[in-house]
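Trainee:
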Amino acid sequence: MPYIGLIPFIVSIVISLGAQLWVSLSFWRYNRLPSSTGQTGFSTARRLLDSNGLSGIVVEQVKGRLSDHFSPREGIMRLSESTYGSSSVAAVGVAAHETGHAIQHRDGYLANRIRSALLVPANIGSMAGPYLAGLGFVLDGFLSDLLIQVGIGLFAAAVLFYLITLPVELNASRRALILLEETGILASHEMKGARSVLRAAALTYVASALTSVLYFFRLSSMAGTRRRG
Numbered sequence: 054m055p056y057i058g059l060i061p062f063i064v065s066i067v068i069s070l071g072a073q074l075w076v077s078l079s080f081w082r083y084n085r086l087p088s089s090t091g092q093t094g095f096s097t098a099r100r101l102l103d104s105n106g107l108s109g110i111v112v113e114q115v116k117g118r119l120s121d122h123f124s125p126r127e128g129i130m131r132l133s134e135s136t137y138g139s140s141s142v143a144a145v146g147v148a149a150h151e152t153g154h155a156i157q158h159r160d161g162y163l164a165n166r167i168r169s170a171l172l173v174p175a176n177i178g179s180m181a182g183p184y185l186a187g188l189g190f191v192l193d194g195f196l197s198d199l200l201i202q203v204g205i206g207l208f209a210a211a212v213l214f215y216l217i218t219l220p221v222e223l224n225a226s227r228r229a230l231i232l233l234e235e236t237g238i239l240a241s242h243e244m245k246g247a248r249s250v251l252r253a254a255a256l257t258y259v260a261s262a263l264t265s266v267l268y269f270f271r272l273s274s275m276a277g278t279r280r281r282g
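FYI, in our numbering the residues of the sequence shown are 54 to 282.
Here is the structure:
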């Protein structure tokens, strides 16, 4: 069964594609549903930030769709064109989620601090790790073993980053839903839409973590087989 090792990767690809499809469908559905309060993504973020003592954070619009993110280093929340000026339930949910990240940073949320510390090693590991390990597999001798070990070690940082991202994102979504409910920015019947959008987004992080873990174990298995051979 020479191709049996491909099964986990096929499964992870299917999950990743399914997660992206769910995000697109959820956002498309609830991006067409206007919030009853008329709050936009910008006004939602601004109101929630100000009410949580974060009035110093700048909220600005960036190009793209679902490219929303909070930069703690710059103190800037960037909302995509599909979020910033939209008053849809989806846009409000996304803006509240990014506010959740800002509050995590303010509170020194441990998982968020760990993720921030892993960011640079993870970027290096995800780009260089597989290439170094792959080069090691085609060479022989001490240099080969060293490249494999270094490559797998670097990629492990990326795996840890993807894994720690899960609780960070889930916590930000939980904070967002609480804020929206407490402030009444979304009506009770609109909260279902916000939950759906945020759950769909969370699944993409699950898919990324699963893919990285499977690839890590694949590299480790190949290294083990090579040593035994």
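Don't be surprised by glycine CBs; every beta carbon is placed ideally from N, CA and C.
Pairs of beta-carbons, one from the region 139 to 159 and one from the region 86 to 96, closer than 8 Å: are there three or more?
Mentor: Touching, yes.
Trainee: Counting only beta-carbon atoms, is alanine 247 nearer than 7 Å to chain D?
Mentor: Included in the structure is just one protein chain, with no chain D present.
Trainee: Tell me whether the beta-carbon of valine 203 lies closer than 7 Å to the beta-carbon of leucine 185.
Mentor: Indexing the sequence shown from 1 puts residue 203 at position 150. Indexing the sequence shown from 1 puts residue 185 at position 132. In contact: valine 203 and leucine 185 (Cβ atoms closer than 7 Å).
Trainee: Mind checking which residues open and close the beta strand (DSSP E) that includes serine 133?
Mentor: Looking up residue 133 in the sequence shown gives position 80. Element bounds for serine 133: 129 to 133.
Trainee: Just reading off the beta strand (DSSP E) that glutamate 113 is part of, what are its end residues?
Mentor: Indexing the sequence shown from 1 puts residue 113 at position 60. Run containing glutamate 113: 111 to 115, per the beta strand (DSSP E) assignment.
Trainee: Starting from histidine 242 and walking both ways along the beta strand (DSSP E), at which residues does that stretch end?
Mentor: Numbered from its first residue, the sequence shown carries residue 242 at position 189. Segment: none, histidine 242 is in no beta strand (DSSP E) and carries neither H nor E.
Trainee: Suppose the cutoff is 6 Å on Cβ atoms and the five residues either side in sequence are ignored; what does the same chain contact list for glycine 153 look like?
Mentor: Numbered from 1 along the sequence shown, position 100 holds the residue referred to as residue 153. Answer for glycine 153: Ala225, Arg228, Ala229, listed in chain order.
Trainee: What are the boundary residues of the beta strand (DSSP E) that serine 124 is part of?
Mentor: Within the sequence shown, the letter at position 71 stands for residue 124. That run of the beta strand (DSSP E) goes 122 to 124.
Trainee: Taking the alpha-carbon of leucine 171 as reference, which of Ser139, Ile156, Phe214 has the nearest alpha-carbon?
Mentor: Locating residue 171 in the sequence shown gives position 118, counting from the first residue. Out of Ser139, Ile156, Phe214, Phe214 has the C-alpha closest to the C-alpha of leucine 171.
Trainee: For a test of the three-state rule: what should DSSP assign to serine 141, helix, strand or coil?
Mentor: As a working note, residue 141 is residue 88 in the sequence shown. Three-state DSSP puts serine 141 in a strand.
Trainee: State the start and end residues of the unbroken alpha helix (DSSP H) segment that holds arginine 100.
Mentor: As a working mapping, residue 100 is identified with position 47 in the sequence shown. Taken as a continuous stretch (DSSP letters only), the alpha helix (DSSP H) holding arginine 100 covers 94 to 104.
Trainee: Based on Cα-Cα distance, which residue from Ala209, Ala148, Ser77, Ser69 lies nearest to methionine 180?
Mentor: Locating residue 180 in the sequence shown gives position 127, counting from the first residue. Here the closest residue by C-alpha is Ala209.
Trainee: Expressed to the nearest angstrom, what Euclidean distance is found between the alpha-carbon atoms of glutamine 280 and serine 197?
Mentor: For the purposes of this step, residue 280 is taken as the residue at position 227 of the sequence shown. For the purposes of this step, residue 197 is taken as the residue at position 144 of the sequence shown. Note on identity: in this sequence residue 280 is arginine, with glutamine being the wrong assignment. Each residue's alpha carbon lies about 11 Å from the other.
Trainee: Cα-Cα, which of Ser261, Gly277, Arg248 is closest to arginine 82?
Mentor: The residue labelled residue 82 in the question sits at position 29 within the sequence shown. Closest option to arginine 82, Cα to Cα, is Arg248.
Trainee: If we call anything under 7 Å between Cβ atoms a contact, is alanine 148 one with alanine 98?
Mentor: Within the sequence shown, the letter at position 95 stands for residue 148. Within the sequence shown, the letter at position 45 stands for residue 98. It is a contact, given that the beta carbons lie within the stated cut-off.
Trainee: Do you know offhand how far tyrosine 268's Cα is from alanine 260's?
Mentor: In the sequence shown, the residue the question calls residue 268 occupies position 215. In the sequence shown, the residue the question calls residue 260 occupies position 207. The straight-line gap from Cα to Cα measures roughly 12 Å.
Trainee: Find out if the Cβ-Cβ distance for the pair valine 115, serine 133 is shorter than 7 Å.
Mentor: As a first step, residue 115 is located in the sequence shown; it is residue number 62 there, counting from the start. As a first step, residue 133 is located in the sequence shown; it is residue number 80 there, counting from the start. Result yes, Cβ atoms of valine 115 and serine 133 sit closer than 7 Å.
Trainee: I need the straight-line Cα distance from serine 108 to serine 89, nearest angstrom please.
Mentor: Within the sequence shown, the letter at position 55 stands for residue 108. Within the sequence shown, the letter at position 36 stands for residue 89. Each residue's Cα considered, the two are about 25 Å apart.
Trainee: Return yes when the Cβ of leucine 207 is within less than 7 Å of the Cβ of glycine 178, no when it is not.
Mentor: Mapped onto the sequence shown, residue 178 falls at position 125. Mapped onto the sequence shown, residue 207 falls at position 154. Closer than 7 Å, so yes.
Trainee: Measure the alpha-carbon distance for methionine 275 versus phenylalanine 195 and round it to whole angstroms.
Mentor: Translated into the one-based positions of the sequence shown, residue 275 becomes position 222. Translated into the one-based positions of the sequence shown, residue 195 becomes position 142. Whole-angstrom Cα-Cα distance: 17 Å.
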